[in-house]
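Novice: Pasting a structure here, questions to come.
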Amino acid sequence: MTRISLLLCGAIIVFSLSIQSAAGEIVPLPRGVKAEHHSFVTGASPPVLGKEDFYEHIDGEAEFFIRFGAEVLSYAYYREGEREYPVDLFRFSGDEGAYGVYRVYAGCGEGEEREVGKGLVTSLEGVIYGVKGRYFFRIFPPEGGRGEALSLAEALVKRTPGSAPPPEVRALTSLPGGGACVEYFPDNLFPGVERSRGYRWEEGRVKCFLFKSGKPPGGKGREIEIAGERCRLYCTGDGGETVEEEVASQLEKAVGRGKKERKR
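Here our numbering is used: the first residue of the sequence shown is 4, the next is one more, and so on.
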């Protein structure tokens, strides 16, 4: 084999490994999970699906997850004794999408939410939901298996990289004028504004929007920079301008440097 052939062969191998590495970036569900006083196992290696194959496992929900940026899905059916614990784990293109889906399913205050290993876990209507970084998962406990499912959720959170919620959301939920429940919209953040993406929350009679893309009608609100990204904050309702000014200033300080421009 010539030197050129060897180089080409090596390049192909490296390229192939790079693709495999990128595809395998998701934290794969392990065949066994050890939790406090519990041990969960599954008979086969959990499958990993690209978004084009989501329909094989979550037919009715595939478009919803893809809309939020889901890229990969891994699923498993864990067992402990006679009980089975189905688990779905999704990797998203960014933390925002994972958090957005989590908030849709876990609700805002309806379930029992707690922080675990730099992530969030909620139990709501018989299902366990978790989010950390770019990953969202859910566990469907069998009857009488809620406690065990929570232990499984905690173990999965601890082995998943990242943190939750995203920095700007954590800041908003702790700032005066911020909302207790911050929702993420991958599109249609603001009625009538196409391709508007970002966060929305309410504080009393004031409704606020943090645009990551798109702008409110008439260029209202104020432009800020958080974590190196230019965004636009817009608050409506009684006292909206005051809340807007306070949140903009404190959000920039809490998350990162930025400039306030174009006061309306």
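Where is the CB? At the ideal position from N, CA and C, for every residue including glycine.
Using only the alpha-carbon positions, how far apart do L20 and G100 sit?
Specialist: Counted from its first residue, the sequence shown places residue 20 at position 17. Counted from its first residue, the sequence shown places residue 100 at position 97. Model confidence at L20 stands at a pLDDT of 29, short of 50, so the residue's coordinates are unreliable and nothing is read from them.
Novice: With distance defined between alpha-carbon atoms, name the residue in L192, E255, V172, N191 nearest to V185.
Specialist: By 1-based counting over the sequence shown, the position of residue 185 is 182. Residue V172 is the option with its Cα nearest to V185.
Novice: Measuring CB atoms only, is the segment 117-125 touching the segment 155-168, in the sense that at least three cross pairs come out at less than 8 Å?
Specialist: At 8 Å Cβ cutoff, the stretches touch.
Novice: Could you check what DSSP says for F67 in three-state terms: helix, strand or coil?
Specialist: As a position in the sequence shown, residue 67 is number 64, starting the count at 1. Of the three classes helix, strand and coil, the one that applies to F67 here is helix, per DSSP.
Novice: In the DSSP output, what is L178 paired with across the bridge?
Specialist: As a first step, residue 178 must be located in the sequence shown, where it is residue number 175. Paired residues: none, contrary to the question.
Novice: Put G100 into one of helix, strand or coil per three-state DSSP.
Specialist: Taking the sequence shown and counting its residues from 1, the one referred to as residue 100 is at position 97. Helix, per DSSP.
Novice: Does DSSP put G269 in a helix, a strand or coil?
Specialist: With the chain running from 4 to 267 in the structure shown, residue 269 is simply not present.
Novice: Are the Cβ atoms of G240 and R208 separated by less than 8 Å?
Specialist: As a first step, residue 240 is located in the sequence shown; it is residue number 237 there, counting from the start. As a first step, residue 208 is located in the sequence shown; it is residue number 205 there, counting from the start. Cβ distance < 8 Å, so G240 and R208 count as in contact.
Novice: Can you list, in chain order, the residues of its chain whose CB lies under 7 Å from that of V258, leaving out five sequence neighbours each side?
Specialist: For the purposes of this step, residue 258 is taken as residue 255 along the sequence shown, with counting starting at 1. Once the five neighbours on either side are set aside, the close Cβ partners of V258 are P170, E171, A174, I229, A230.
Novice: In angstroms, rounded to a whole number, what distance separates the CA positions of P89 and E255?
Specialist: Translated into positions along the sequence shown, residue 89 becomes position 86. Translated into positions along the sequence shown, residue 255 becomes position 252. For P89 and E255, the distance between alpha carbons rounds to 41 Å.
Novice: Could you pull out every residue in the same chain whose Cβ sits closer than 7 Å to the Cβ of G112, ignoring the five residues on either side in sequence?
Specialist: As a first step, residue 112 is located in the sequence shown; it is residue number 109 there, counting from the start. Here the set comprises C184.
Novice: What does DSSP give as the partner residue(s) for K135 in the beta ladder?
Specialist: Here residue 135 refers to the residue found at position 132 when the sequence shown is read from its first residue. Paired residues: Y138.
Novice: Please tell me whether R82 and F143 are closer than 8 Å, where the distance is taken between their beta carbons.
Specialist: Here the question's residue 82 lines up with position 79 in the sequence shown. Here the question's residue 143 lines up with position 140 in the sequence shown. The answer is no: Cβ separation not under 8 Å.
Novice: Based on DSSP bridge pairs, tell me the residues matched to R117.
Specialist: Along the sequence shown, one-based indexing puts residue 117 at 114. Bridge partners of R117: V124.
Novice: Between the alpha carbons of E1 and A38, how many angstroms are there, rounded?
Specialist: This structure cannot settle anything about residue 1, because the visible part of the chain is limited to 4 through 267.
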